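22 is the number of the first residue of the sequence shown in this note's numbering; add one for each residue after it. A quick write-up on the structure given underneath.
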Amino acid sequence: MLSNDKKYILYILMITILITMIACGKKIQKEEVLIEEIIPKEKIDIFKKTINPGESIYQVLTEMNVSNQDIANYTRFLGDYVDFTSIQIGDSLIVKFKYKTVKDSLFESDTLKQVIESEKKYLAELTYRPDIITSHILINNGDSLSYEKKILPFTTRKRIIKGSIDKSLNNALIKLGFSTTERQQIIKPLEAAVSFESDARPNDIFEVYLEEKFYNNEKISPTKIIYASYEGKRVRKKESFRFVDDKEDSAINGMYDKNGKAMVINAVRSPLNYMHISSGFGKRIHPISGRWKMHTGIDLRGGYGTPVFAVAKGIVSMSSRKNKGFGNEIRIRHGEMITQYAHLSKIYVRKGQKVRKGQKIGAIGTTGYSTGPHLHFGLMKNGKWKNPKNLRMVGAIQLKTNKLAKFKLQMKEIIEEIEQIDITQNQPSNSTNL
Ligand SMILES: [Zn+2]
Numbered sequence: 022m023l024s025n026d027k028k029y030i031l032y033i034l035m036i037t038i039l040i041t042m043i044a045c046g047k048k049i050q051k052e053e054v055l056i057e058e059i060i061p062k063e064k065i066d067i068f069k070k071t072i073n074p075g076e077s078i079y080q081v082l083t084e085m086n087v088s089n090q091d092i093a094n095y096t097r098f099l100g101d102y103v104d105f106t107s108i109q110i111g112d113s114l115i116v117k118f119k120y121k122t123v124k125d126s127l128f129e130s131d132t133l134k135q136v137i138e139s140e141k142k143y144l145a146e147l148t149y150r151p152d153i154i155t156s157h158i159l160i161n162n163g164d165s166l167s168y169e170k171k172i173l174p175f176t177t178r179k180r181i182i183k184g185s186i187d188k189s190l191n192n193a194l195i196k197l198g199f200s201t202t203e204r205q206q207i208i209k210p211l212e213a214a215v216s217f218e219s220d221a222r223p224n225d226i227f228e229v230y231l232e233e234k235f236y237n238n239e240k241i242s243p244t245k246i247i248y249a250s251y252e253g254k255r256v257r258k259k260e261s262f263r264f265v266d267d268k269e270d271s272a273i274n275g276m277y278d279k280n281g282k283a284m285v286i287n288a289v290r291s292p293l294n295y296m297h298i299s300s301g302f303g304k305r306i307h308p309i310s311g312r313w314k315m316h317t318g319i320d321l322r323g324g325y326g327t328p329v330f331a332v333a334k335g336i337v338s339m340s341s342r343k344n345k346g347f348g349n350e351i352r353i354r355h356g357e358m359i360t361q362y363a364h365l366s367k368i369y370v371r372k373g374q375k376v377r378k379g380q381k382i383g384a385i386g387t388t389g390y391s392t393g394p395h396l397h398f399g400l401m402k403n404g405k406w407k408n409p410k411n412l413r414m415v416g417a418i419q420l421k422t423n424k425l426a427k428f429k430l431q432m433k434e435i436i437e438e439i440e441q442i443d444i445t446q447n448q449p450s451n452s453t454n455l
């Protein structure tokens, strides 16, 4: 038997152990709570914005408090994949912001440890949707940017439209439900061969072969015109065929007559074979200074050393090396118009020299005030810079050699397809694309 004293000591001991255990338990609990507080919860803000008339991507991002420098970086990066100058009303932008925890200061002593943390909002993803199926996505990885393109599965339908006109071809196409853009696509190449104003007559006939894209039965623009023809009382049959070169943004892609001649009026040759505008004409945030500045031309994407062509015949009025901002630069005078080619790596012409349309005059470079290889292309009329995008440009006025052979093959395929569809009583053919 234990004495009362011993019982008392044991009792005290048990209570002490119990208190210690509770205390330790509390301590552990407290630390767990603290750890939970330190782990940041992922917070995401997503904004969806539809482009309104007169709005640009710069304005949209500025309103979301993205800095000028960041906007310049993001648009320059995406500009390699997207032509922002063709952003249209109704296109949408989706901006995803995330938050990261930043440790601002750390205070530590024997008894107290304090970390002051704050949340910093940053743009994590920027998505540009030119139509309901296409998404161009910029992903901000913190120290680098990456790009992803997503296309939802769509179906294509090809069909032939035949008709006769009462007033005009335009009128007949309106009645068939074609949009303004579609009508222009059909009429413009034919205009190169037919003077509709003087030669169109009632009952003249036309034929159009086209390819349309659908997503969930909704039509997605643009419609691809593959073939168009016109025949009338005063006009012999005129035909135009689509030629597709190897690349999607090839300037050589377009409508040609059966001899491989480009069906465009007053066209100049494009300065590059591949026309991709990475930065448009007008006010923009400069990619280097991060400030709003007037951009007096357009920037065309292209690899270092890519050949640059004279857009029309003329006389070289400037051939200058390392001319500050524009670097190696050529200017050509064509009557009242001057064209400018800047940041070149190579110059093949001298001041005063005559050049032909399509002559190779230099090569793409990154000389002067430039962030990477590209062609700055400018157009001056009566001493003022104009938007060169308004020039009608083609990659080839006349297809030659291997391009011509390739075109003849494609033309043959188009004719066969049309005949096939005619045989199957004008039933639309269905095919699926991914
Ligand atoms: Zn430029």
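From the three backbone atoms N, C-alpha and C, an ideal C-beta is built for every residue, glycine too. Predicted model only: the values in this text are computed from it and were never measured.
Checklist entry - Given a threshold of 16 other Cβ atoms within 10 Å of its Cβ, counted over all protein chains shown, does Q361 qualify as buried or as exposed? => result That one is buried.
Checklist entry - Contact check, A417 vs A283 under 8 Å by CB: the rounded distance? => result Their Cβ separation, rounded to whole angstroms, is 6 Å, which keeps A417 and A283 in contact under 8 Å.
Checklist entry - Can you tell which of K427, R290, N73 has its C-alpha closest to the C-alpha of S113? => result Nearest C-alpha to S113: N73.
Checklist entry - Just curious, the beta strand (DSSP E) that N161 is in, first and last residue? => result Element bounds for N161: 155 to 161.
Checklist entry - How is Y32 classed by DSSP in three states: helix, strand or coil? => result Three-state result, Y32: helix.
Next on the checklist: Between the alpha carbons of V285 and N411, how many angstroms are there, rounded?
Outcome noted: CA-CA distance, V285 to N411, rounds to 14 Å.
Checklist entry - By how many angstroms is the C-alpha of Y251 removed from the C-alpha of K258? => result Roughly 6 Å between the two C-alpha positions.
Checklist entry - Any heavy atom of ligand 1 closer than 7 Å to the CB of H397? => result Distances between the C-beta of H397 and the heavy atoms of ligand 1 include at least one below 7 Å.
Next on the checklist: Determine whether the beta carbon atoms of G281 and L425 lie at a separation below 8 Å.
Outcome noted: Against a cut-off of 8 Å, the Cβ pair of L425 and G281 comes out as a contact.
Item to check | 8 Å contact criterion, which S261 and P210 should meet: CB distance rounded | outcome: So it is a contact: roughly 4 Å between Cβ atoms.
Checklist entry - Touching or not, the segment 398 to 411 and the segment 372 to 388, by the rule of three or more beta carbon pairs under 8 Å? => result Contact between the segment 398 to 411 and the segment 372 to 388 is absent, because fewer than three Cβ pairs lie under 8 Å.
Checklist entry - Start and end of the alpha helix (DSSP H) containing K433? => result Here the alpha helix (DSSP H) through K433 covers 422 to 444.
Checklist entry - From K188 to Y230, what distance separates their C-alpha atoms? => result Using only the alpha carbons, I get a separation of about 22 Å.
Next on the checklist: Determine whether the beta carbon atoms of K381 and P328 lie at a separation below 8 Å.
Outcome noted: Cβ atoms of K381 and P328: closer than 8 Å.
Checklist entry - Secondary structure at Y79, three-state DSSP: helix, strand or coil? => result DSSP places Y79 in helix when its eight states are reduced to three.
Checklist entry - Run through DSSP, which three-state label would R204 get? => result Helix, per DSSP.
Next on the checklist: Can you tell me whether T422 is buried or exposed? The criterion is at least 16 other CB atoms within 10 Å of its CB, across all chains shown.
Outcome noted: With fewer than 16 other Cβ atoms from the protein chains shown falling within 10 Å of its own Cβ, T422 counts as exposed.
Checklist entry - Taking E438 as the reference, which of P174, K141, I181, T176 has the closest Cα? => result Residue I181 is the option with its Cα nearest to E438.
Item to check | CB of H297 within 8 Å of CB of D270, strictly | outcome: Going by beta carbons, H297 and D270 fall inside the 8 Å limit.
Checklist entry - Should I172 be labelled buried (16 or more other beta-carbon atoms within 10 Å of its own) or exposed? => result With fewer than 16 other Cβ atoms from the protein chains shown falling within 10 Å of its own Cβ, I172 counts as exposed.
Checklist entry - Do S300 and ligand 2 come close, with the Cβ less than 7 Å from some heavy atom? => result The ligand content of the structure shown is limited to ligand 1, which means ligand 2 is not among them.
Next on the checklist: On a Cα-Cα basis, can you pick out the residue from V370, G356, M358, R312 that is closest to M339?
Outcome noted: M339 has its Cα closest to that of V370, out of V370, G356, M358, R312.
Item to check | Whole-angstrom distance between Y102 and Y95, CA atom to CA atom | outcome: Taking the straight line joining both Cα atoms gives about 12 Å.
Next on the checklist: From the DSSP secondary-structure annotation, give me the bridge partner or partners of H316.
Outcome noted: BP columns for H316 point to G303.
Checklist entry - For Y29, is the classification buried or exposed, using 16 other Cβ atoms within 10 angstroms of its Cβ as the cut-off for buried? => result By the neighbour-count rule (16 or more Cβ atoms within 10 Å), Y29 is not buried but exposed.
Item to check | For T317, the nearest candidate out of K372, R97, R305 (CA to CA) | outcome: That would be R305, whose Cα lies nearest to the Cα of T317.
Checklist entry - Residue range of the beta strand (DSSP E) that L400 falls in? => result Run containing L400: 395 to 402, per the beta strand (DSSP E) assignment.
Checklist entry - Considering only C-alpha positions, which residue in the set S366, V87, Q374, R178 is nearest to R342? => result It is S366.
Next on the checklist: Quick test of the definition: if touching needs 3 or more C-beta pairs under 8 Å, does the segment 149 to 161 touch the segment 191 to 199?
Outcome noted: Contact between the segment 149 to 161 and the segment 191 to 199 is absent, with fewer than three C-beta pairs closer than 8 Å.
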